[in-house]
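Structure first, then comments.
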Amino acid sequence: MKRSLRRLSLTLLASTMMLALFLRVTALAGSATPPQTPSNTPPTADFTIDPPQGVAGTIFFFDPSPSSDNEDSLAWLSVRWDYDGDGVWDTTWLNPGNGPSWHTYNAPGTYQVKLEVKDTGGLTDMKVKTLQVGDPGSNTPPTARCAVTPPLVPPERRSPSAQPTAAMPKTPRRP
Ligand SMILES: [Ca+2]
Ligand SMILES: [Ca+2]
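Heads up, the sequence shown is in the numbering used here, so the first residue is 1 and it goes up one at a time.
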C-alpha cells in the first residue's frame, strides 16, 4: 500500500512537472515575435544617351548608372536594353557596374529606347526615352550665329567728320 502510494505521488509529481514544462514552452512560443523581414522596394530605372542624337552609324552609349535602389547598390542591380523599342530585348541581363552599353542604328528613325532594371529581390522598373536618328546623307540647315565687333554705333552718335562729305555736283545754270 505504501509502495503504491509512493508510486502514485511520483507519477503525480512527474505529470505536474511535465505540465509545467509544457506550459512554459507554450508561453515562450506565444511570446516570441516573428523575425522582422525588411520590406523590399522596387528600383528606379533611369539612363543617359551619349550623344543625345545622331545619324545612322553613330555609336550611341547608353549609361544606366542614374538608376538606383533603396536596398541594393548599382553593382547589385541587373539591367537589360531594348534599343529599338520593338518589344524584343536586345541584351541579356547585364551588370550596370560594367559601364555603359553601346549600339548603332542602321536606319534613320525615331526609336523608343527601353531600359529595365531589376533588384536582387526580383522587383523591376522601366524607363523609356526617345532617340532621334537622322539620315547621314541628308543635308541639314546650318545654325546661324552672328556677332558684330565692335558693336554698331547709331548714326546720330557719329561725329560730323564721319559723315560722308561728297559734294553735290553743281548743275550749270542757264544764262
Ligand atoms: Ca529594392
Ligand atoms: Ca529590340
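C-beta atoms are modelled at their ideal positions from N, C-alpha and C, and glycine is treated no differently.
Neighbourhood of ligand 1, defined by CB distance below 7 Å to any of its heavy atoms: N40, T41, P42, P43, D69, N70, E71, D72, D119, G121, L123, in chain order. Rounded to whole angstroms, the gap between the alpha carbons of G109 and P38 is 45 Å. V133 and G54 have their alpha carbons spaced roughly 5 Å apart.
Contact between L94 and V113 is ruled out by a C-beta separation of about 15 Å, above the 8 Å threshold.
If the five residues before and after A75 are omitted, its C-beta is found closer than 7 Å to the C-beta atoms of N95, G97, all from its own chain and listed in chain order. Taking the Cβ of D82 as the reference point, at least one heavy atom of ligand 2 falls within a distance shorter than 8 Å. R80 and F47 have their C-alpha atoms spaced approximately 12 Å apart.
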